[in-house]
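Residue numbering for the sequence shown follows this note's numbering, starting at 5 and increasing by one per position. To start, the structure itself, in structure tokens.
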Amino acid sequence: MPKRSECYSQAWIPHGTSYGVLVGELELLGRGFVWRAAIVLVARALTMRFTPIRSSRAVHPGRAVLAHTAPLPILSLMDEDIMVGTQRLGAAVTIATFLRRHRFDLVCVLVLFVFCGSLRAIYQSESVTDTPIRADAGSYVFAAANLRFHGAYSTDRPGPEAPVSRTDIAPGYPLFLTPFVEQTDTGWTIRINHVRRVQILMDCLVAVLTFALARLALPLGWALLAGGLTCMSPHLIVFSDYLLTESLFTFLMMAGVWVLALAWRRPGAWLLFAGIFLLGLAAEVRLVALAVPLFFAPLFLFRGEAGGWTDRRVRVLAVTALVAGVLAVQMLHATFERVAVTNSGALREVPVEHSQVKSPLEYLDVTIRPPKWYVEGKSHVFPLNRDPEWRDRTTSGFAAEPHAYLRWNLYGRLIAIWNFDNVFAGDVYIYPMVRKGFEENVVLGAIHSLMRFLHWPLFGLALAGVVLLVAQSRRRGGPRMEMWGLWPSALGFVYFLAVLTVLAWLPRYSIPARPFSYIMAAACLAALVKWLRKDRKLTPQHGPSEARG
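Listed below in structure tokens is the structure:
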């Protein structure tokens, strides 16, 4: 047997016809395997000569690695078992190390998941929507039913014959609803409660993704704050109860941005492809995300955590992965359109207002002109629920209403987009409610009041966070690496503000950007607290005698 000083660590070492066994780890591989291995070791010890296999690290002699020069033929089958067991042991050690290193993060993930799911489950049990399948929700459900029974894509009410397909509306959410549509004796129905449960699950994942995205740049406590605010957002809680696109869209978008952030910090073509693919799927749910890949593409011109994106070859690989992800989604979309049109036998002519592309000057002219209700002095409160003229712009020029034009273009549109109350039903609701969960439950009511109070301060902190990030990036030498991890969240937040101020300043459309705003608000608070602590340390402390003098 080898001496204590000759004992070295090696897992499984084939050496010609010699083999090694890690004796000290056998107990972890199962009781039956230990007994069989013990018999093999005893037999080999009695019939052959052992020599130590050296490696670079000494261990206890109980874990010595011994090799033999002439294995017994009858026991050769044990070699494969020992190798598989050792590989499993290595995987178990790796997993255990990961769990020990990230145990606090995993606890936060579990807490956020349970907290988010509990709030939404309580809200759905306390709320009743007046005719949930109506307006946009009705269109999505009808489209899902037509896809299920006829293979055609149409928002017409399903009938015995296939309707004429239309391809001017995003198919993502109807495709998501299709598995929940089923045939009945009297016609068809959709399992609304099943859809709501799946949307609760997606909302829980959104909270976890918000925490994970914030964790790339922020300490644990501030990242937990961003995830907690996402859990408590009344707007996100409400949308888990409606058959609308927000839950699915927010989940796909946050997942895509998080994967892109990982790809940026640690260059990888597959991660980049997966992130762009997820963002492409999000654009199939809501077209507002159509330009997100182009908006994030310049991010890869700058260095990530590993600095790998500065290499020209890697940049070419990044562009290839970006294009491949976009093309993959476009191929799926084209296939869907072709199949839907083939099944229906005809294609409805796309309405002109959906297909005609306006010039940038036309968009700019419409954007600059404030709406009539704003010029009339009704501030940022929409005049009437379901007012058909709420989008109408003023016909007066700048000379006639200079103050209204200036207020609208300087800050009016931002406030309109980020308004706490949604249009039509008022408060955070989209459709009329028979019972309102925030009024029926005390805990939900307290969360609603708290988030309404924090709404504008959090928005201001988010804007300040973007400004601070840009200011620090312009410093000589660039910001510290953890600050670079905020750029994906900042770009997502700015993208929604920029696009919605031009296309549609409806408060409902800004709700998927709330997780980004919470991350930037938490980052701004973290920077403020750090600055205050640093300023306090630099402030000279005067003693009692100095203070009296």
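We put the beta carbon where it would ideally sit given N, CA and C, even for glycine. This structure is a prediction, so every number in the text was calculated from the model and none was measured.
Legend entry - V2 - partner residues in DSSP beta bridges: Nothing in the structure corresponds to residue 2, since the chain is present only between 5 and 553.
Inset, instruction - Out of G163, P492, V242, T188, point me to the one whose CA is closest to R200's CA. - result: Numbered from its first residue, the sequence shown carries residue 200 at position 196. Here the closest residue by C-alpha is V242.
Inset, instruction - Could you tell me how far apart the beta carbons of F215 and L495 are, in whole angstroms, since I believe they sit closer than 8 Å? - result: Working through the sequence shown from its first residue, we reach residue 215 at position 211. Working through the sequence shown from its first residue, we reach residue 495 at position 491. The C-beta separation of F215 from L495 comes to about 19 Å, leaving the pair out of contact by the 8 Å criterion.
Legend entry - Reference T182, options E444, P164, A149, closest by Cα: Position 178 of the sequence shown holds residue 182. Here the closest residue by C-alpha is A149.
Legend entry - Within 8 Å, strictly: CB atoms of L275 and L266: Translated into positions along the sequence shown, residue 275 becomes position 271. Translated into positions along the sequence shown, residue 266 becomes position 262. The answer is yes: Cβ separation under 8 Å.
Legend entry - Short Cβ contact (8 Å threshold) for I204 with G121: Along the sequence shown, one-based indexing puts residue 204 at 200. Along the sequence shown, one-based indexing puts residue 121 at 117. The beta carbons of I204 and G121 sit closer together than 8 Å.
Inset, instruction - Would you identify the three-state DSSP class for K538, choosing helix, strand or coil? - result: In the sequence shown, residue 538 corresponds to position 534, counting from 1. Helix.
Inset, instruction - Answer with buried or exposed for I515, where buried requires no fewer than 16 other C-beta atoms within 10 angstroms of its C-beta. - result: In the sequence shown, the residue the question calls residue 515 occupies position 511. Around the beta carbon of I515, a 10 Å sphere encloses 16 or more other beta carbons of the protein chains shown; the residue is thus reported as buried.
Inset, instruction - Go ahead and label T73 buried or exposed: buried means 16 or more other beta carbons lie within 10 angstroms of its beta carbon, across all protein chains shown. - result: Numbered from 1 along the sequence shown, position 69 holds the residue referred to as residue 73. Caution applies to T73, whose pLDDT of 42 falls short of 50 and renders its modelled position unreliable; the model cannot decide the point.
Inset, instruction - List the endpoints of the continuous alpha helix (DSSP H) containing T505. - result: Stepping through the sequence shown from its first residue, residue 505 is reached at position 501. First-last of the alpha helix (DSSP H) with T505: 491–507.
Legend entry - Bridge-paired residues (DSSP) for E288: As a first step, residue 288 is located in the sequence shown; it is residue number 284 there, counting from the start. Paired residue(s): none; E288 is not in a bridge.
Legend entry - Helix, strand or coil at R417 according to DSSP, with G and I counted as helix: Translated into the one-based positions of the sequence shown, residue 417 becomes position 413. Correct three-state label for R417: helix.
Legend entry - Secondary structure, alpha helix (DSSP H): runs of 4+ residues fully inside the region 196–237: Entirely contained in the region 196–237, the alpha helix (DSSP H) runs reaching 4 residues are, in chain order, 196–219, 224–236.
Legend entry - Chain-order list of residues whose beta-carbon lies under 7 Å from that of V229 (same chain, five-residue window excluded): On the sequence shown, residue 229 is found 225 positions in, with the first residue counted as 1. Residue identity differs from the one stated: residue 229 is Leu in this sequence, not Val. Correct list, in chain order: A526.
Legend entry - Run of the alpha helix (DSSP H) containing V432, from where it starts to where it stops: As a working mapping, residue 432 is identified with position 428 in the sequence shown. Where V432 is concerned, there is no enclosing alpha helix (DSSP H), given that its DSSP letter is neither H nor E.
Inset, instruction - Check P511 in the structure and name its three-state DSSP category. - result: Working through the sequence shown from its first residue, we reach residue 511 at position 507. In this structure, DSSP gives P511 a helical state, which the three-state scheme calls helix.
Legend entry - Closest by C-alpha distance to P302, when choosing among F424, V323, L291: For the purposes of this step, residue 302 is taken as the residue at position 298 of the sequence shown. Here the closest residue by C-alpha is V323.
Inset, instruction - Check each candidate in W226, G260, S131, F184 and name the one with the smallest Cα separation from S244. - result: Here residue 244 refers to the residue found at position 240 of the sequence shown. Selected option, being the one with the closest Cα: S131.
Inset, instruction - Go ahead and label Q128 buried or exposed: buried means 16 or more other beta carbons lie within 10 angstroms of its beta carbon, across all protein chains shown. - result: Here residue 128 corresponds to residue number 124 of the sequence shown, with the count starting at 1. Residue environment: Q128 is assigned as buried (16 or more neighbouring CB atoms within 10 Å of its CB, all protein chains considered).
Legend entry - Cβ contact (3+ pairs, closer than 8 Å) linking the region 402–413 and the region 217–232: Result no; under three Cβ-Cβ pairs closer than 8 Å.
Inset, instruction - For my contact list, I421 and L504 are in at a C-beta cut-off of 8 Å; report their separation, rounded to the angstrom. - result: The count along the sequence shown starts at 1 and reaches residue 421 at position 417. The count along the sequence shown starts at 1 and reaches residue 504 at position 500. For I421 against L504, the beta-carbon gap comes to about 5 Å, under 8 Å, which counts as contact.
Legend entry - Inter-stretch contact at 8 Å, needing at least 3 Cβ pairs: the region 139–157 / the region 176–193: In this structure the region 139–157 lies against the region 176–193, because at least three pairs of beta carbons, one per stretch, are closer than 8 Å.
Inset, instruction - Would you kindly report the start and end of the unbroken alpha helix (DSSP H) that includes V145? - result: If you number the sequence shown from 1, residue 145 lands on position 141. Per DSSP, V145 belongs to the alpha helix (DSSP H) from 139–154.
Inset, instruction - Could you tell me the boundaries of the beta strand (DSSP E) in which T159 lies? - result: Here residue 159 is taken as the residue at index 155 of the sequence shown, counted from 1. Where T159 is concerned, there is no enclosing beta strand (DSSP E), because DSSP gives it neither an H nor an E.
Legend entry - Span of the beta strand (DSSP E) around E380: Your numbering for residue 380 matches position 376 in the sequence shown. In the DSSP annotation of this structure, E380 is not part of any beta strand (DSSP E), being labelled neither H nor E.
Inset, instruction - With a threshold of 16 other CB atoms inside 10 Å of the CB of G284, please say whether the residue is buried or exposed. - result: In the sequence shown, residue 284 corresponds to position 280, counting from 1. When all chains shown are included, G284 counts as buried.
Inset, instruction - Tell me W192's beta-bridge partners as DSSP assigns them. - result: Along the sequence shown, one-based indexing puts residue 192 at 188. DSSP, once it has assigned bridges, lists Q187 as partnering W192.
Legend entry - Distance, T399 Cα to F442 Cα: Looking up residue 442 in the sequence shown gives position 438. Looking up residue 399 in the sequence shown gives position 395. About 40 Å.
Legend entry - Paired residues, beta bridge with P375 - DSSP: Sequence index remark: in the sequence shown, residue 375 carries index 371 (1-based). DSSP, once it has assigned bridges, lists R397 as partnering P375.
Inset, instruction - Return the chain-ordered list of same chain residues with a C-beta closer than 6 Å to the C-beta of A287, the five sequence neighbours on each side being excluded. - result: The residue given as residue 287 occupies position 283 in the sequence shown. Cβ within range, chain order: A293, L294.
Legend entry - Given 8 Å, three or more beta-carbon pairs between the region 530–537 and the region 441–456: The region 441–456 and the region 530–537 do not touch, with fewer than three beta-carbon pairs separated by less than 8 Å.
Legend entry - C-alpha gap between K538 and C528, whole angstroms: Position 534 of the sequence shown holds residue 538. Position 524 of the sequence shown holds residue 528. Those two C-alpha atoms are separated by around 15 Å.
Inset, instruction - Can you tell me which of the three DSSP states V38 falls into? - result: Position 34 of the sequence shown, counting from 1, holds the residue named residue 38. Here the model assigns V38 a pLDDT of 47, short of 50, so the residue's position is not dependable, and the following value carries that caveat. V38: helix per DSSP, three-state reduction.
Inset, instruction - Report the three-state DSSP secondary structure of M244 (helix, strand or coil). - result: Working through the sequence shown from its first residue, we reach residue 244 at position 240. Going by the sequence as given, residue 244 is Ser instead of Met. Taken through DSSP and simplified to helix, strand or coil, S244 comes out as coil.
Inset, instruction - Count the other CB atoms, across all protein chains shown, that sit within 10 Å of the CB of L233; report buried if there are 16 or more and exposed otherwise. - result: Taking the first residue of the sequence shown as 1, we reach residue 233 at position 229. The residue in question, L233, is buried, as its Cβ has 16 or more Cβ neighbours within 10 Å.
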